Amino acid sequence: GRVEYIRDLLQEVWGDRSGELCLDCCCGSGVGTAALRAGGLRAIAYDNDPTLLALGLSKGRLLPSDTICIDAREADRYITDAPLGIILMAGEIYPYNASLWQDIITTLLDLTDETLITLGTEEEAAMVESWCAGRDTRVFENRRDPLYDRWCCVSRRD
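Counting in my numbering, the sequence shown runs from 12 upward without gaps.
See below:
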């Protein structure tokens, strides 16, 4: 299932980073957070949707002590820097909401040394890549899942 696909993608991108902290931005109900933990990472998960967070908490994918309900554009007010960051299935990103997503993504980039952002379309990935100026960034197609996480943008501080 999706958790296994995510774990495999994380292994490809980061290798074994057991024990390291990863910020799971826009975590939703915590499917990605569960995959991070299953791969040995420590995760701080945040989203601004209390209903999705409640679902993740009730399913055990999110832990109360490591979950925050905040606006991701203001994450730097609440969270300190971390080695790793992730946004799984950012978007959908359109011209009318691109500035919102740019603020969310650049805030996460500022907080993390290495960031993985997955998206649904190549066009979205190209947009995100342009927001990673000044960092070592690559975009690639991920064929593990026909629906989710199809395009990946990996960005590292120079």
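Glycine residues also receive a C-beta, built at the ideal position from the N, C-alpha and C atoms. Treat the numbers as computed from the prediction; the structure is a model and nothing was measured.
When the five nearest sequence neighbours on each side are left out, the beta carbons in the same chain lying within less than 8 angstroms of the beta carbon of R18 are those of A46, A49 and G50, in order along the chain. Taking the CA atoms as reference points, Y16 sits about 30 angstroms from Y89.
8 angstroms or more divides the Cβ of C163 from the Cβ of T148.
For R154, there is no enclosing beta strand (DSSP E), as DSSP marks it with neither H nor E. Under the three-pair Cβ rule at 8 angstroms, the region 62 to 77 does not count as touching the region 89 to 99. In chain order, L34 and D77 place their CB closer than 6 angstroms to the CB of I55, counting only its own chain and leaving out the 5 sequence neighbours on each side. One Cα belongs to G96, the other to L127, and the distance between them is close to 6 angstroms. Looking at the DSSP output, V165 bridges to L127 and R149. Within its own chain, the residues whose Cβ lies closer than 7 angstroms to the Cβ of L64, once the five positions on either side in sequence are excluded, are D58, L73, T78 and C80, listed in chain order.
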